[in-house]
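**Q** Attaching a single structure in structure tokens format; questions to follow.
2 protein chains.
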Amino acid sequence: MNSSPVGLHRVLEPPGVLPQAARRLDPDPRIREDEVRVRLERLNLDAASYRQLHTAHDGDPDAIRAEVLQIIRTRGKMHNPVTGSGGMLIGVVDEVGPRSPLGLTPGMRIATLVSLTLTPLHVEDDLRRWDGRGEQVPAEGHAILFARSIAAELPADLPAGLSLAVMDVCGAPALTHGVVAARTAPVVAVIGAAGKSGSLALAAARRAGAARTIGVVPFEAEAARLRAAGLADDVVIADARDPIALAGAVGAPADVTVVCVDVPGCEHGAILATAAGGTIVFFSMATSFSAAALGAEGLAADVTMLIGNGYAPGHAQMALDLLRTEPGVAKIFKERVEE
Amino acid sequence: MNSSPVGLHRVLEPPGVLPQAARRLDPDPRIREDEVRVRLERLNLDAASYRQLHTAHDGDPDAIRAEVLQIIRTRGKMHNPVTGSGGMLIGVVDEVGPRSPLGLTPGMRIATLVSLTLTPLHVEDDLRRWDGRGEQVPAEGHAILFARSIAAELPADLPAGLSLAVMDVCGAPALTHGVVAARTAPVVAVIGAAGKSGSLALAAARRAGAARTIGVVPFEAEAARLRAAGLADDVVIADARDPIALAGAVGAPADVTVVCVDVPGCEHGAILATAAGGTIVFFSMATSFSAAALGAEGLAADVTMLIGNGYAPGHAQMALDLLRTEPGVAKIFKERVEE
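Listed in order, the protein sequences are those of chains A and B. So for the first sequence, the working numbering puts the first residue at 1; every next one is plus one. So for the second sequence, the working numbering puts the first residue at 1001; every next one is plus one.
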């Protein structure tokens, strides 16, 4: 059977689009040679998606459950048509095609690191174990992974919730490590440094050979949290949306600036805080492409600006390793996951 | 006098923001030690700005002129409050502060390469030589350049219109050259290759050592134009918004992909058309940050994605040099400027 590494053969309509853009996918349990079938354990709905469903149904749990079921049955994937978002899933590997490159074996307990919006999904239990009151959805059924999907084994030594929280942001430390390691002893500033992706980016920067790390946070409580974690050489307070304040707080411009704060309007401050010849990595989904491009031009800033790619080879393992070996990262994650 | 390289001292309100974000700038003709004063010759209004003014005033040239004057007098800069855009200017250097790093001398005829939205501007002739019927505005008065502004001398050997068209997109060949030169004989695909930035990017890629260049265009007339220019080793036709078609047309994935086509929805195609370990440079202002970031993650694509920075040191000179020495580039620009 001809198979596509990105799952084109699973697209039922409209033909020719990528699975994420499809209205409907085929969740047939029979796998192709490069596919993997996973037995479902739990869906983790995207927060924005659950919030929309909750609002649309006035919080009625039965109505919310009915709509999630309806979406999965109609689309062959959990792709909220209003928010456009999905989530991720936890399950156990059931069958692995002989040509699958994912390195999975039957029995492994995994989390998928690609969105549910592109993952063929079939539910068999009417989601009856879900009370409809939260984003965690116990489920029976199966999902299909393509050759170019991403999945990571859930470590036995960590609670599943903690592993998922780490995997959710594991692109940030991987890319930060690569950018920092490509330079000689750079100064690295992380904006939004006391959050999940920020703390991992700081730890990755130090491990990759940063000469000095600067953690920028918005107020004193976050500063105290970051100082207690010991992940940054300097902790400074600034509103990242105020370019002058941000650049002033960072001081001498950084060689590498990593933006992890999910509020709009941080582009100009990041540009001003970065030295000529430096690199800025934007991990915030609130980043405006045009504000970054035009801002750098308007400031005559000779900086390299990277779109934070959520994928890099080995990213989940690197992030889990940082969680295990850096007490400061573990401390911040435990606080954040319990919040 | 204390002076700021980005012009903070020229911001009248609100205090503390960058000149581009300011409601009002101070166009005082007395320059600081690192500033330059330019005698105006012509303003080139941004196309979107002129279109908005034209529509708002039903094409009445006197009303359009009156509003442009009103904007400049009120704001101290030509910053259209509706479109948020400005334009650029041509003028002659009048006075250069002793600490200006721009390398300008009095009498030089220059174009500013930073937006009018951040350039202090004062008009003395009520724009009476402008008929209000086009984007080219003859003007008397002055403008101020900061230490971090960008200006380029207008070459004596080229028509001003041609030089301006080149300078408008000169960030593309500069960044493309840098990315290509950092690799060993890469295959380079340029999407939107028969346009101004695309043709310059192709020429820069070849000069920087590309093993092979692929020009992607949307239809046969553009393909014929690009083949006649001789700038690409291969010319292929594809709708850049169709990921499967685009990747199919490019064939074996490129090491470097440069996106120069100003339509939304080209992110996934560019990602699919790029090899693992490759680099994508997005120059289109229609690029969606989140579509690029989530698309790469969803496709498990190990690619580096760059936000096209309109500034790089020496960018205008490099682009003008390509225009002078590559007959294919000159041919495309002459056709485009006359259109």
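Just so it is clear, CB atoms sit at the ideal spot from N, CA and C, and this is done for glycine as well. Note that the structure is a prediction, hence the values are computed from the model and not measured.
Chain B partners of LEU25 (chain A), CB-CB under 8 Å?
**A** By Cβ distance, chain B contributes nothing, its closest Cβ being about 13 Å from LEU25 (chain A), past 8 Å.
**Q** For MET1 (chain A), count the other beta carbons within 10 Å of its own beta carbon; 16 or more makes it buried, fewer makes it exposed. Which is it?
**A** Confidence in MET1 (chain A) is poor, its pLDDT being 48 and thus under 50, which makes the residue's placement unreliable; the coordinate value appears in the next sentence. It counts as exposed.
**Q** Is there a Cβ of chain B sitting closer than 8 Å to that of GLU297 (chain A), yes or no?
**A** yes
**Q** Do the region 190 to 203 of chain A and the region 213 to 229 of chain A meet, that is, are 3 or more Cβ pairs less than 8 Å apart?
**A** In this structure the region 190 to 203 of chain A lies against the region 213 to 229 of chain A, because at least three pairs of beta carbons, one per stretch, are closer than 8 Å.
**Q** In the DSSP assignment, find the beta strand (DSSP E) that holds ASP157 (chain A) and state where it starts and stops.
**A** Premise fails: ASP157 (chain A) is in no beta strand (DSSP E) and is neither H nor E.
**Q** Using C-beta distances below 6 Å, list every residue in its chain close to ALA1172 (chain B), excluding the 5 sequence neighbours before and after it, in chain order.
**A** SER1197, LEU1200, ALA1201, PHE1283
**Q** Roughly how many whole angstroms lie between the Cα atoms of PRO1005 (chain B) and ASP1034 (chain B)?
**A** Those two C-alpha atoms are separated by around 7 Å.
**Q** For ILE1271 (chain B) versus GLY1308 (chain B), is the C-beta distance shorter than 8 Å?
**A** no
**Q** What number of angstroms, rounded off, separates the C-alpha of VAL1258 (chain B) from the C-alpha of THR1304 (chain B)?
**A** Rounded to whole angstroms, VAL1258 (chain B) to THR1304 (chain B) spans 12 Å at the Cα level.
**Q** Within the 8 Å Cβ cut-off, does ALA1300 (chain B) reach chain A?
**A** yes
**Q** When DSSP labels each residue in this structure, what does GLY1084 (chain B) get in the three-state scheme?
**A** coil
**Q** Starting from the C-beta of ALA1210 (chain B), find all residues in its chain whose C-beta is less than 8 Å away, skip the five residues before and the five after it, and write them out in chain order.
**A** VAL1180, ALA1185, PRO1186, VAL1187, VAL1188, VAL1256
**Q** Find the residues of chain B that neighbour GLN20 (chain A), judging by a C-beta separation of less than 7 Å, and give them in chain order.
**A** GLY1298
**Q** Using beta-carbon positions only, say whether GLU1297 (chain B) and VAL38 (chain A) come within less than 8 Å of one another.
**A** no
**Q** Determine the contact status of GLY1278 (chain B) and PRO1243 (chain B), defining contact as a CB-CB distance below 8 Å.
**A** no
**Q** Use the C-beta contact count for THR213 (chain A): other C-beta atoms within 10 angstroms, 16 or more gives buried, fewer gives exposed.
**A** buried
**Q** If ASP302 (chain A) sits next to ALA276 (chain A), beta carbons under 8 Å apart, how far is it from one beta carbon to the other, in whole angstroms?
**A** 5 Å
**Q** Short of 7 Å Cβ to Cβ, which residues in the region 1145 to 1156 of chain B face chain A?
**A** ARG1148, SER1149, ILE1150
**Q** In terms of alpha-carbon separation, which member of B:PRO1106, B:ARG1023, B:MET1167 lies closest to HIS1079 (chain B)?
**A** Comparing Cα-Cα distances from HIS1079 (chain B) to each of B:PRO1106, B:ARG1023, B:MET1167, the minimum goes to B:ARG1023.
**Q** For MET305 (chain A), does the three-state DSSP call read helix, strand or coil?
**A** Correct three-state label for MET305 (chain A): strand.
**Q** Using a beta-carbon distance below 8 Å, is ASN1044 (chain B) in contact with chain A?
**A** no
**Q** For THR1176 (chain B), I'd like the list of residues in its chain whose CB is within less than 6 Å of its CB, leaving aside the five on either flank, ordered along the chain.
**A** ALA1201, ALA1204, ALA1205, VAL1258
**Q** From the DSSP secondary-structure annotation, give me the bridge partner or partners of GLY298 (chain A).
**A** BP columns for GLY298 (chain A) are empty, so no partner.
**Q** Considering VAL179 (chain A), what are the terminal residues of the alpha helix (DSSP H) in which it resides?
**A** 171 to 181
**Q** So, for ASP1125 (chain B): in the same chain, excluding its five sequence neighbours on each side, which residues have a beta-carbon less than 6 Å away from its beta-carbon?
**A** GLU1140
**Q** Against chain C, which members of the region 112 to 125 of chain A pass a CB distance test of less than 7 Å?
**A** Here the protein chains are A and B, and chain C is not one of them.
**Q** With 8 Å set as the bound, which would you pick, yes or no: does the beta-carbon of ILE1110 (chain B) sit closer than that to a beta-carbon of chain A?
**A** no
**Q** For ARG1010 (chain B) and ALA1147 (chain B), I'd like the C-alpha separation in whole angstroms.
**A** 12 Å
**Q** Whole-angstrom Cβ separation of LEU1121 (chain B) and GLY1087 (chain B), contact assumed at under 8 Å?
**A** LEU1121 (chain B) to GLY1087 (chain B), Cβ: 11 Å. No contact.
**Q** I need the straight-line Cα distance from ARG109 (chain A) to GLY328 (chain A), nearest angstrom please.
**A** 27 Å
**Q** For the alpha helix (DSSP H) containing GLU1067 (chain B), name the first residue and the last one.
**A** GLU1067 (chain B): member of the alpha helix (DSSP H) spanning 1061 to 1075, first to last residue.
**Q** So with CB distances below 8 Å, who are the chain A contacts of ARG1304 (chain B)?
**A** Rather than Arg, the amino acid found at residue 1304 (chain B) in this sequence is Thr. LEU306, ASN309, listed in chain order.
**Q** Can you tell me which of the three DSSP states ASP1321 (chain B) falls into?
**A** helix
**Q** What is the residue span of the beta strand (DSSP E) that THR947 (chain B) lies within?
**A** The question about residue 947 (chain B) has no answer, for chain B in this structure spans 1001 to 1339.
**Q** Which residue's Cα is closest to the Cα of ALA1048 (chain B): B:VAL1092, B:GLU1335, B:ARG1129, B:THR1083?
**A** B:THR1083
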